[in-house]
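Working notes, beginning with the structure itself.
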Amino acid sequence: MQKNDTAVIDITDIGAGGEGIGKADGYTLFVKDAVIGDKAEVKVIKAKKNYGYARLMQVLEPSPYRVEPKCRFARQCGGCQIQEMSYDRQLVFKEQKVRGNLERIGGFAPELIDQAMEPVIGMENPFGYRNKAQFPFGTDKEGNPVTGFYAGRTHDIIANTDCALGVPVNKDILEIILAFMKKYKILSYDEKTGKGLIRHALIRYGFTTKEIMVCLVINGTEIPHADDLIKALTKIPGMTSITVSVNTRRTNVIMGDSYEVLWGQGYITDYIGKIRYQISPLSFYQVNPVQTEKLYSLALEYADLKGNETVWDLYCGIGTISLFLAQRAEKVYGVEIIPQAIHNARENAQINGIENAEFFTGKAEEVLPGYYEEYTRKHDGQAARADVIVVDPPRKGCDEVLLDTIVKMAPEKVVYVSCDPATLARDLKILCGNGYELKRVRAVDQFPMTVHCETICKLVRK
Numbered sequence: 001m002q003k004n005d006t007a008v009i010d011i012t013d014i015g016a017g018g019e020g021i022g023k024a025d026g027y028t029l030f031v032k033d034a035v036i037g038d039k040a041e042v043k044v045i046k047a048k049k050n051y052g053y054a055r056l057m058q059v060l061e062p063s064p065y066r067v068e069p070k071c072r073f074a075r076q077c078g079g080c081q082i083q084e085m086s087y088d089r090q091l092v093f094k095e096q097k098v099r100g101n102l103e104r105i106g107g108f109a110p111e112l113i114d115q116a117m118e119p120v121i122g123m124e125n126p127f128g129y130r131n132k133a134q135f136p137f138g139t140d141k142e143g144n145p146v147t148g149f150y151a152g153r154t155h156d157i158i159a160n161t162d163c164a165l166g167v168p169v170n171k172d173i174l175e176i177i178l179a180f181m182k183k184y185k186i187l188s189y190d191e192k193t194g195k196g197l198i199r200h201a202l203i204r205y206g207f208t209t210k211e212i213m214v215c216l217v218i219n220g221t222e223i224p225h226a227d228d229l230i231k232a233l234t235k236i237p238g239m240t241s242i243t244v245s246v247n248t249r250r251t252n253v254i255m256g257d258s259y260e261v262l263w264g265q266g267y268i269t270d271y272i273g274k275i276r277y278q279i280s281p282l283s284f285y286q287v288n289p290v291q292t293e294k295l296y297s298l299a300l301e302y303a304d305l306k307g308n309e310t311v312w313d314l315y316c317g318i319g320t321i322s323l324f325l326a327q328r329a330e331k332v333y334g335v336e337i338i339p340q341a342i343h344n345a346r347e348n349a350q351i352n353g354i355e356n357a358e359f360f361t362g363k364a365e366e367v368l369p370g371y372y373e374e375y376t377r378k379h380d381g382q383a384a385r386a387d388v389i390v391v392d393p394p395r396k397g398c399d400e401v402l403l404d405t406i407v408k409m410a411p412e413k414v415v416y417v418s419c420d421p422a423t424l425a426r427d428l429k430i431l432c433g434n435g436y437e438l439k440r441v442r443a444v445d446q447f448p449m450t451v452h453c454e455t456i457c458k459l460v461r462k
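Numbering-wise, UniProt numbering puts 130 at position 130 of the sequence shown, and it's gapless, one number per residue.
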């Protein structure tokens, strides 16, 4: 097919960015805003050799899974990709996505996947689940400050202070900031010119504690008339922390390297299960606390600890999984590259009276192999061991050096938590080719209305 050609296609799948996928005479087309089950008329806007991108012209026969989106900006906004698909069908899609990656990339036999795969864990209420949101600021055509979210694949801001995935208090906070900026003629940051002060607002909310954090990211050293803004924000019940993070670089990175407390304290606290966590503006903390508790409970269940085990938790963040595991293990070692996160992890262990968790700053692919080599050298060739190793890597998955070290340390169990089923499948193929077998797999929907999901796996040494 060529650019500007039209076709009528059936949408049978969803791509990585949430686009509907269909075929026209065997030629694959990706169509934004199309839902699995739609029969649609589309127009090709970009044609490559084996596939192309098309615009949805009209839905000729709506999918039985098509629903009215809760948010009126759902089609424009890049935050939700599949809000127009019924939640039940979203869960089916995510489970099939994990299954498909395990089969195609991991090379696992369908019958083995059938034995290991457990039902996806969804949410009773798949809206209002995010405890963290980052809102970019810009300027409208009339010169007024606006905030909201970027339109899909752009940096054009769709003005919206009431995101359906966030908590209701976000709207009150954003309206206060916008009114303050308008009153004192404080400009939003302009990416094109590098001028303007207010770049982003980061808002965190403790679902259990009801504590609220506001961190303003600024292109400068201070906020004029900040006392007036603080006075307005502190009228909101639960306001606990107001901070500022300086970021004067011409970059897409949101936060600066540090932050300064303007009012209150530099963190909020919240709970996952019985464990209490301190969360700073720079902390990595799962954004969906309801599902996170289910995910971490599964990690504990999959680890099947008896109380005498040594556990390594790689990519541990602020110690969220480590402290869960420490309740049942003899010793837990956590590894994380971000120094501030390790500082938080140690504080979190202290807050909870947990003394059997130790944390190291560094890359997991350097710390664990380094520990393994040093231990082997000091113990006359006797290899370092671990009973359980837990990994929760970023989207790119685990480094090969790290996977090789895991195989050498030969833990009885590996618990793999993943935010990308493709890199998960790739890594599982390596581990299962080196003495492990896949016993349990489960998708946990941490991110309803989006194409993303978490997956947790249990591997056992043969």
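Note that beta-carbon positions come from the ideal geometry of N, C-alpha and C, so glycine has one too.
Taking the alpha-carbon positions, what's the residue i to residue j distance?
i: Asp190; j: Arg199; result: 8 Å
i: Arg440; j: Leu112; result: 10 Å
i: Gly370; j: Asp304; result: 27 Å
i: residue 486; j: Pro136; result: Since the first and last residues shown for the chain are 1 and 462, residue 486 lies out of range.
i: Lys141; j: Arg66; result: 34 Å
i: Lys165; j: Gly381; result: Note that residue 165 corresponds to Leu in the displayed sequence, not to Lys. Taking the straight line joining both Cα atoms gives about 53 Å.
i: Phe149; j: Asn247; result: 19 Å
i: His379; j: Met409; result: 14 Å
i: Ile212; j: Met239; result: 5 Å
i: Val311; j: Leu174; result: 43 Å
i: Ile82; j: Gly152; result: 12 Å
i: Gly397; j: Thr455; result: 12 Å
i: Asn356; j: Val261; result: 32 Å
i: Leu431; j: Gly106; result: 10 Å
i: Ser245; j: Ala24; result: 50 Å
i: Tyr315; j: Lys132; result: 20 Å
So residue i packs on residue j, CB below 8 Å; how close in whole Å?
i: Asn288; j: Phe447; result: 7 Å
i: Ile318; j: Ala341; result: 5 Å
i: Cys453; j: Ala443; result: 5 Å
i: Val451; j: Glu437; result: Val451 to Glu437, Cβ: 29 Å. No contact.
i: Tyr87; j: Gly122; result: 7 Å
Return helix, strand or coil for residue i, following the three-state DSSP convention.
i: Ser63; result: coil
i: Gly100; result: helix
i: Leu282; result: coil
i: Glu437; result: strand
i: Phe93; result: helix
i: Tyr129; result: coil
i: His155; result: coil
i: Cys215; result: strand
i: Leu314; result: strand
Looking at C-alpha atoms only, which residue of the options is the closest neighbour of residue i?
i: Arg346; options: Thr139, Leu165, Lys48, Ile279; result: Ile279
i: Ile21; options: Asp5, Leu56, Gln76; result: Leu56
i: Thr221; options: Tyr267, Phe324, Cys457, Ser258; result: Ser258
i: Arg250; options: Gln81, Lys192, Thr269; result: Lys192
i: Pro126; options: Val167, Thr248, Met1; result: Val167
i: residue 493; options: Arg204, Gly15, Met117; result: Because residue 493 is not part of the residues shown, which for the chain are 1 to 462, the question remains open.
i: Lys462; options: Asp445, Asn434, Glu365, Met449; result: Asn434
i: Pro119; options: Gly138, Arg99, Ile105; result: Arg99
i: Ala40; options: Asp5, Val31, Thr139, Lys48; result: Val31
i: Phe207; options: Lys429, Thr269, Asp114; result: Thr269
i: Val401; options: Glu412, Glu374, Asp427; result: Asp427
i: Tyr296; options: Lys274, Glu19, Tyr372; result: Lys274
i: Ala54; options: Ile9, Ala74, Val217; result: Ile9
i: Glu330; options: Lys306, Gly353, Ile337; result: Lys306
Which residues bound the alpha helix (DSSP H) around residue i?
i: residue 483; result: This structure cannot speak to residue 483, because the chain is shown only from 1 to 462.
i: Glu366; result: 364 to 378
i: Lys43; result: Premise fails: Lys43 lies in the beta strand (DSSP E), 39 to 47, not in any alpha helix (DSSP H).
i: Thr248; result: Neither: Thr248 is in no alpha helix (DSSP H) and is coded neither H nor E.
Going by DSSP, what residue range makes up the beta strand (DSSP E) through residue i?
i: Ser258; result: Here Ser258 belongs to no beta strand (DSSP E), and DSSP marks it neither H nor E.
i: Glu454; result: 454 to 461
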